[in-house]
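Asks:
Number of protein chains: 2
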Amino acid sequence: MGPQSTEVETPRLAGAKIGSDVGLLLAKLHATGSLLNNKALADYGLRERSFSVLTLACSGLEPTQRELADFLSLDPSQVVSLVDDLEHRGLVKRAQGKQDRRAKIIVSTTEGRRIHNKARAALEVCEQTQLAALSEDENAQLRALLKKALWG
Amino acid sequence: MGPQSTEVETPRLAGAKIGSDVGLLLAKLHATGSLLNNKALADYGLRERSFSVLTLACSGLEPTQRELADFLSLDPSQVVSLVDDLEHRGLVKRAQGKQDRRAKIIVSTTEGRRIHNKARAALEVCEQTQLAALSEDENAQLRALLKKALWG
DNA sequence: TACGGATCATTGAAAAAGTCAACGATTGTT
DNA sequence: AACAATCGTTGACTTTTTCAATGATCCGTA
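Residue numbers (the working numbering), protein chains in the order written: chain C, 1 to 152; chain B, 1001 to 1152.
#1: Cβ of B/N1117 less than 9 Å from any chain C Cβ?
#2: What residues from the segment 27-44 of chain C come within 8 Å of chain B, judged by C-beta to C-beta, listed N to C?
#3: Is there a Cβ of chain B sitting closer than 9 Å to that of C/T10, yes or no?
#4: Report yes if the C-beta distance between C/E138 and B/K1148 is below 9 Å; otherwise report no.
#5: Using 8 Å for Cβ pairs, my map puts B/G1033 next to B/Q1130. What's the rounded Cβ distance?
#6: Quick one: Cα of B/Q1141 to Cα of C/L54, how far?
#7: Could you give the uninterrupted runs of the alpha helix (DSSP H) lying entirely in the segment 1059-1086 of chain B, keeping only those of 4 residues or more?
#8: With distances taken between CB atoms, is the gap from B/L1046 to C/L26 smaller than 9 Å?
#9: Can you confirm whether the segment 1065-1077 of chain B touches the segment 1110-1123 of chain B when touching is taken to mean that 3 or more C-beta pairs between the two stretches lie within less than 8 Å?
#10: Any heavy atom of the ligand NAD within a distance shorter than 8 Å of the CB on C/H88?
#11: Could you confirm whether any beta carbon from chain B is found closer than 9 Å to the beta carbon of C/G90?
#12: Find the residues of chain B that neighbour C/K148, judging by a C-beta separation of less than 8 Å, and give them in chain order.
#13: For C/D21, decide whether its Cβ has a neighbour in chain B, counting only Cβ atoms nearer than 9 Å.
#14: Using the Cβ count rule (16 or more neighbours within 10 Å means buried), how would you classify C/A132?
#15: So what does DSSP say about C/S135, is it helix, strand or coil?
#16: Measure how close the beta-carbons of C/L56 and B/I1105 come, nearest whole angstrom, since I'm counting them as under 8 Å.
#17: Just to confirm, is the Cβ distance from C/V107 to C/K93 under 9 Å?
#18: If you reduce the DSSP assignment to three classes, tell me which class B/Q1096 lands in.
#19: Here's the rule: buried if 16 or more other CB atoms are within 10 angstroms of the residue's CB, otherwise exposed. What is B/T1064?
#20: When you compare each of B/S1052, B/D1043, B/A1095, B/R1102 to C/D21 by their alpha carbons, which one comes out closest?
#21: Given that C/D100 touches chain B, what residues does it touch there, using C-beta distances under 7 Å?
#22: C/L146 to B/R1101, Cα distance in whole Å?
#23: Within 9 Å of any Cβ in chain B, is that where the Cβ of C/G15 sits?
#24: Check for me: the beta strand (DSSP E) holding B/S1020 runs from which residue to which?
#25: How is B/A1149 classed by DSSP in three states: helix, strand or coil?
#26: Show which residues of chain C have a CB atom less than 8 Å away from the CB atom of B/L1086.
#27: When the cut-off is 9 Å and only beta carbons count, does B/R1143 lie next to chain C?
#28: Can you grab the Cα-Cα spacing for the pair C/T110 / C/L91, in whole Å?
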């Protein structure tokens, strides 16, 4: 990731046609966001991805690792590492799949939920910082548009 | 990058609270978008990043490598590689900075502009595919919100 | 029921990308 | 003139990504 602080002023290059390229806008917002998020999550020994896994483990949806990989756009082997880490730290457990014994279901422990709550609060502040330029309505709009773009 | 095709149906996990997490939404849309974009750009020997550099080189803004690094959220050393590659292929040239002789200004060649036009057309199709679920208005809205979030 | 092909989690190795400190050249400041 | 700071570049190092192979299990079909 590039070394820039929270950029406030519009850079000279934003005027270029590419300044409206959705791919670039997503990449840039994602990059700056990740930086902030990971910094905030470091206090809890988490990163964006492990936080996502932990969140889904806490969701009650009982996701399998395959579902996590698909949903988070990760290679299955990356999920193994993430879950390994969370499991070693006692935040998450692997349970046997109910219909499918090949699958492993990831569920949170009590401690996992405790950490998750704290981390989530920290991330909310973070997100608010990142989208500070947007009003409450615009914030909701952005979320809705992203979701719609992803899955109709 | 995870191995998923153009996902059409809403996954089961999207219902979780994290399904509205801006960080995750950005990551996912960026991931699927990159996959499509890089696939489309491969025909021209480009990737998302080299395309971005080429675009800015074609913009007439005469960006320095430092500006490229900042704008694209890249490490300066990564910009060196990208420009090296484009330069070796004759799509771009390094020119001496006008006020600052340390800086190198990146400008496109005729061939660079030719390739860029073709690639840009391919990317537009790509982008339209990715945001197919959005109306024309929503598409513009998304762009505007992303820009506003980034630089007010 | 048994076979065959597919899918799941896991491992390990190889390739790619990211990070970082140091360098010469140049700039701006004191 | 001296000094600290910045630009592009290099090279080393770490992290991340990618991919093929494996054992266990599932599913469809003969």
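Glycine included, C-beta positions come from ideal geometry on N, C-alpha and C.
Replies: From the atom records:
#1: By 1-based counting over the second sequence, the position of residue 1117 of chain B is 117. By this cut-off, B/N1117 is not an interface position.
#2: A27, K28, L29, H30, A31, T32, G33, S34, N37
#3: Looking up residue 10 of chain C in the first sequence gives position 10. Cβ-Cβ to chain B under 9 Å: yes for C/T10.
#4: Taking the first residue of the first sequence as 1, we reach residue 138 of chain C at position 138. Taking the first residue of the second sequence as 1, we reach residue 1148 of chain B at position 148. Yes, Cβ-Cβ distance for C/E138 and B/K1148 is below 9 Å.
#5: For this step, residue 1033 of chain B is matched to residue 33 along the second sequence. For this step, residue 1130 of chain B is matched to residue 130 along the second sequence. Confirmed, about 5 Å.
#6: Within the second sequence, residue 1141 of chain B is the residue found at index 141, counting from 1. Within the first sequence, residue 54 of chain C is the residue found at index 54, counting from 1. Their Cα atoms are separated by approximately 32 Å.
#7: 1065-1071
#8: Within the second sequence, the letter at position 46 stands for residue 1046 of chain B. Within the first sequence, the letter at position 26 stands for residue 26 of chain C. Cβ atoms of B/L1046 and C/L26: not closer than 9 Å.
#9: no
#10: Summarising the ligand content, the structure contains no ligands, and the ligand NAD is consequently not present.
#11: For the purposes of this step, residue 90 of chain C is taken as residue 90 along the first sequence, with counting starting at 1. Answer no: the Cβ-Cβ gap between C/G90 and chain B never drops below 9 Å.
#12: Your numbering for residue 148 of chain C matches position 148 in the first sequence. Correct list: A1133, L1134, E1138.
#13: Locating residue 21 of chain C in the first sequence gives position 21, where the first residue counts as 1. By this cut-off, C/D21 is an interface position.
#14: Here residue 132 of chain C corresponds to residue number 132 of the first sequence, with the count starting at 1. Label assigned to C/A132: exposed.
#15: By one-based count along the first sequence, residue 135 of chain C stands at place 135. Correct three-state label for C/S135: coil.
#16: Numbered from its first residue, the first sequence carries residue 56 of chain C at position 56. Numbered from its first residue, the second sequence carries residue 1105 of chain B at position 105. C/L56 to B/I1105, Cβ: 47 Å. No contact.
#17: Counted from its first residue, the first sequence places residue 107 of chain C at position 107. Counted from its first residue, the first sequence places residue 93 of chain C at position 93. Yes, Cβ-Cβ distance for C/V107 and C/K93 is below 9 Å.
#18: Taking the second sequence and counting its residues from 1, one reaches residue 1096 of chain B at position 96. DSSP places B/Q1096 in strand when its eight states are reduced to three.
#19: Start at 1 with the first residue of the second sequence, and residue 1064 of chain B comes out as number 64. Looking at its Cβ environment, which holds 16 or more other Cβ atoms inside 10 Å, B/T1064 is buried.
#20: For the purposes of this step, residue 21 of chain C is identified with residue 21 of the first sequence, where counting begins at 1. Nearest option by C-alpha distance: B/S1052.
#21: Translated into the one-based positions of the first sequence, residue 100 of chain C becomes position 100. Result: empty, since nearest Cβ-Cβ is about 14 Å, beyond 7 Å.
#22: One-based indexing of the first sequence puts residue 146 of chain C at position 146. One-based indexing of the second sequence puts residue 1101 of chain B at position 101. Taking the straight line joining both Cα atoms gives about 43 Å.
#23: To locate residue 15 of chain C, count along the first sequence from 1; it is residue 15. For C/G15, the answer is yes, since a Cβ of chain B falls inside 9 Å of its Cβ.
#24: Looking up residue 1020 of chain B in the second sequence gives position 20. From DSSP, B/S1020 is part of no beta strand (DSSP E); its letter is neither H nor E.
#25: Here residue 1149 of chain B refers to the residue found at position 149 of the second sequence. Helix.
#26: Within the second sequence, residue 1086 of chain B is the residue found at index 86, counting from 1. The premise fails here: B/L1086 is roughly 15 Å from chain C at the closest Cβ pair, so nothing lies under 8 Å.
#27: The residue labelled residue 1143 of chain B in the question sits at position 143 within the second sequence. So yes, B/R1143 belongs to the interface.
#28: Reading the first sequence from its first residue, position 110 is the one you call residue 110 of chain C. Reading the first sequence from its first residue, position 91 is the one you call residue 91 of chain C. Taking the straight line from one Cα to the other gives about 7 Å.
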